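Step one of this worksheet: look at the structure below.
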Amino acid sequence: MAVRTDHIAALVEIVGRDHALTERDLATRDPGIDPHNLGADLLVRPKTTAEVADVLRVCHDAHIGVVPQGGRTGISGGAVSQAGEIILSLERMNAIESLDPISRCAVVQAGVTLGALIKACHSHQLSPAMDLGARDSATLGGLASTNAGGSQAFRFGTMRDRLLGLEVVLADGTVITELGQVRKRNEGLALEQLFIGAEGILGVITRVSIALVDEDGPLAAALVGVSDVSAAVTLTDQLQRRSGIRLSSIEIMSGNHARISSQALGLTEFESLCVQPYVLLIEATAPSALAAEESLVQALAVPLETGLIVDAVIAQNEQQRQSMWRVREDWSVDRQYPGGLWYDVSVPIAHLAHYLDHFTTTLTAHDPGLSVFVVGHLADGNVHITVNATQPITARYEEIAPLVTTTLRAISGSFSAEHGIGLEKKATLVRELSMAKQTQMHRLKTLFDPHGIMNPGKVLSTPTPQ
Ligand SMILES: Cc1cc2nc3c(=O)[nH]c(=O)nc-3n(C[C@H](O)[C@H](O)[C@H](O)COP(=O)(O)OP(=O)(O)OC[C@H]3O[C@@H](n4cnc5c(N)ncnc54)[C@H](O)[C@@H]3O)c2cc1C
């Protein structure tokens with residue numbers, strides 16, 4: 004049922020006519036990663052926490068579903084909305100309120116993009132210790148709500164490790180402000196931690212305080228070809244144990260991903276290297292560009308001699324370093340095989356080679372017509388597995404998911420690494436989590452959101468608000 008006109012009028016009253024976008028306005032807007040993100044009847048853009056609280060009070064009283072949205076770059080369907088719901092976009096809450104270079108902490112509104120925060124930190128030679136391909140659209144609220152990881156998580160952890168505090172607005176408009184700027188804070192139950200990774204089902208994050216670290220110096224990068232995942236893992240271990248190199252990223256791509264991306268991008272200089280079964284993108288940082296490159300060259304010399312590395316290219320300049328990242332982050336595989344399936348898993352790195360071998364064998368036995376592509380953050384064992392066929396296979400997600408996830412519990416991995424549950428992994432969550440844990444999650448949801456208005460139907464199967 005559509006949102007009633009008197010409720011729309013009440014919401015327009017709170018945010019102002021210019022900031023309440025109707026279905027017609029939404030039809031002309033970019034929905035982001037998921038084409039169904041803008042299916043709601045209305046999008047409101049509050050400017051302040053008080054406006055967010057007022058919007059939620061109206062929706063709570065009227066039992067209207069509310070879908071919080073940041074940059075709409077989420078990959079699991081967490082920002083999808085539908086008729087009868089409203090979208091609460093944080094895009095106007097985009098101020099960096101403070102950046103304290105001495106305490107190494109920033110307090111920012113939830114709609115600030117990661118790219119904007121990185122830029123602001125850069126002028127103090129600091130960094131939020133978080134980076135990912137969607138940096139210029141993904142917001143701090145979205146990153147916190149999905150507990151995002153990215154390429155630096157092996158050094159600095161995920162958002163849960165970076166955030167010092169949060170401000171959240173609960174479904175009934177209650178505001179909890181816990182914007183601590185200290186690393187040590189034990190003041191009873193850390194309620195705000197529950198909202199990290201909650202994907203908007205418990206409330207709206209309006210502000211965060213985030214710890215900062217020293218910015219990396221100049222970066223040197225290499226693309227490295229190896230014969231299998233076992234060699235990739237051994238190399239990672241050797242590099243991490245080596246003194247004299249400060250690693251910034253260790254990313255992995257299956258050779259088929261690297262070949263398709265580099266060809267599509269016209270990056271012929273990487274063609275011969277990309278014939279290898281797996282390609283790693285390794286970055287090192289040092290106080291000077293020369294020192295970074297030297298440390299990388301020296302670290303790769305012995306593995307090249309022993310044959311652990313089959314082939315390697317060191318970036319000769321900043322442009323070539325960025326080209327290497329384009330190969331890693333490019334989506335040509337998805338364009339070439341539309342309608343593929345994406346899985347996002349964490350594997351203890353010692354088990355990664357066996358896990359991927361076993362999965363590929365099982366998948367091929369299940370259906371020899373399917374192909375597997377892998378990209379991921381090798382150093383923390385987070386791999387994104389894409390399963391494709393010559394035809395779109397979107398409808399086969401649940402059929403293939405058990406092949407991806409069932410071996411993970413035995414090796415203490417995770418069926419959901421960094422993209423959240425959203426709509427996509429809900430059935431997997433029911434299958435993989437203990438009943439005891441699921442029951443407590445439902446209880447918490449009811450406690451914080453008794454009418455079930457917050458991001459209805461995401462993460463947990465809850466009834467739509469009525
Ligand atoms: C090219 C590309 C690369 C990516 N790389 C990575 C990566 O390396 N690591 C990684 O972790 N992710 C990655 N992602 C996924 C995505 O960028 C992250 O999930 C990001 O955290 C989403 O932020 P967003 O602002 O776009 O959130 P949205 O997509 O708008 O929302 C995501 C979820 O958070 C909720 N939400 C958003 N804002 C709030 C708020 N203020 N309060 C409460 N709930 C809220 C939404 O309801 C939804 O459930 C990538 C995505 C793309 C497109």
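Position one of the sequence shown corresponds to residue 4 (the numbering used here), numbered consecutively onward.
No residue lacks a Cβ here, since even glycine has one placed at the ideal position from N, Cα and C.
Because the structure is a prediction, the values reported are computed rather than measured.
N- and C-terminal bounds of the alpha helix (DSSP H) containing residue i
{"i": "Ser92", "result": "Element bounds for Ser92: not the alpha helix (DSSP H) but the beta strand (DSSP E), 88-92."}
{"i": "Leu303", "result": "292-309"}
{"i": "Gln3", "result": "Because residue 3 is not part of the residues shown, which for the chain are 4 to 469, the question remains open."}
{"i": "Gln323", "result": "321-332"}
{"i": "Val55", "result": "52-65"}
{"i": "Ala156", "result": "156-159"}
{"i": "Met162", "result": "162-165"}
N- and C-terminal bounds of the beta strand (DSSP E) containing residue i
{"i": "His380", "result": "374-380"}
{"i": "Tyr281", "result": "281-288"}
{"i": "Ala30", "result": "Per DSSP, Ala30 belongs to no beta strand (DSSP E) and is neither H nor E."}
{"i": "Leu222", "result": "222-229"}
{"i": "Asp314", "result": "314-317"}
{"i": "Asp103", "result": "99-103"}
{"i": "Val47", "result": "45-47"}
Simplified DSSP assignment, three categories, for residue i
{"i": "Thr177", "result": "coil"}
{"i": "Gly145", "result": "helix"}
{"i": "Gln72", "result": "strand"}
{"i": "Tyr340", "result": "coil"}
{"i": "His357", "result": "helix"}
{"i": "Asp347", "result": "strand"}
{"i": "Glu274", "result": "coil"}
{"i": "Thr397", "result": "helix"}
{"i": "Leu182", "result": "coil"}
{"i": "Glu254", "result": "strand"}
{"i": "Gly118", "result": "helix"}
{"i": "Asn259", "result": "helix"}
{"i": "Ile388", "result": "strand"}
{"i": "Asp217", "result": "strand"}
{"i": "Arg249", "result": "strand"}
{"i": "Ala82", "result": "coil"}
{"i": "Leu406", "result": "helix"}
{"i": "Ile414", "result": "helix"}
{"i": "Ala109", "result": "strand"}
{"i": "Leu209", "result": "With the sequence shown as reference, residue 209 is identified as Thr, and Leu is not the correct amino acid for it. Strand at Thr209."}
{"i": "Ser130", "result": "strand"}
{"i": "Leu268", "result": "coil"}
{"i": "Leu169", "result": "strand"}
{"i": "Asp139", "result": "coil"}
{"i": "Ala123", "result": "helix"}
{"i": "His369", "result": "helix"}
{"i": "Ser335", "result": "helix"}
Assumed close pair residue i, residue j - CB separation to whole angstroms, cut-off 8 Å
{"i": "Arg210", "j": "Ala109", "result": "Between Ala109 and Arg210 the Cβ distance is about 11 Å, and since that is not below 8 Å, they are no contact."}
{"i": "Val433", "j": "Glu202", "result": "Their Cβ separation, rounded to whole angstroms, is 16 Å, which puts Val433 and Glu202 out of contact at 8 Å."}
{"i": "Ser79", "j": "His354", "result": "With 8 Å as the limit, Ser79 and His354 do not qualify as a contact, their Cβ atoms being about 24 Å apart."}
{"i": "Gly73", "j": "Ala12", "result": "Wrong, their Cβ atoms sit about 26 Å apart, outside the cutoff."}
{"i": "Val227", "j": "Ala315", "result": "5 Å"}
{"i": "Ser257", "j": "Val330", "result": "Not really, about 12 Å apart at Cβ, beyond 8 Å."}
{"i": "Ser252", "j": "Asp347", "result": "In fact, because the Cβ distance is near 18 Å, the residues do not count as touching under 8 Å."}
{"i": "Gly136", "j": "Glu332", "result": "4 Å"}
Alpha carbon of residue i to alpha carbon of residue j, nearest angstrom
{"i": "Val47", "j": "Ile90", "result": "6 Å"}
{"i": "Thr31", "j": "Ala23", "result": "14 Å"}
{"i": "Leu222", "j": "Thr52", "result": "39 Å"}
{"i": "Lys187", "j": "Gly168", "result": "11 Å"}
{"i": "Gln322", "j": "Ala156", "result": "24 Å"}
{"i": "Asn385", "j": "Val6", "result": "40 Å"}
{"i": "Pro1", "j": "Leu373", "result": "Nothing in the structure corresponds to residue 1, since the chain is present only between 4 and 469."}
{"i": "Lys448", "j": "Gly247", "result": "48 Å"}
{"i": "Glu274", "j": "Arg262", "result": "7 Å"}
{"i": "Met162", "j": "Leu194", "result": "16 Å"}
{"i": "Arg165", "j": "Pro371", "result": "43 Å"}
{"i": "Val407", "j": "Gly77", "result": "21 Å"}
{"i": "Ile388", "j": "Glu54", "result": "41 Å"}
{"i": "Gly342", "j": "Leu102", "result": "43 Å"}
{"i": "Val300", "j": "Val69", "result": "52 Å"}
{"i": "Gly87", "j": "Glu297", "result": "59 Å"}
{"i": "Ile204", "j": "Gly35", "result": "20 Å"}
{"i": "Val111", "j": "Glu26", "result": "30 Å"}
{"i": "Leu117", "j": "Arg138", "result": "5 Å"}
{"i": "Val390", "j": "Ile255", "result": "17 Å"}
{"i": "Val378", "j": "Leu283", "result": "10 Å"}
{"i": "Glu181", "j": "Ala304", "result": "49 Å"}
{"i": "Tyr340", "j": "Tyr281", "result": "20 Å"}
Report the residue ranges of all alpha helix (DSSP H) runs contained in full by the segment 5-29; include only those spanning at least 4 residues, in chain order.
Complete alpha helix (DSSP H) runs here, min 4: 8-18, 26-29.
Note to self: Quick check on the DSSP output: what are the complete beta strand (DSSP E) runs of length 3 or more inside the segment 419-459, in order along the chain?
What the structure shows: none
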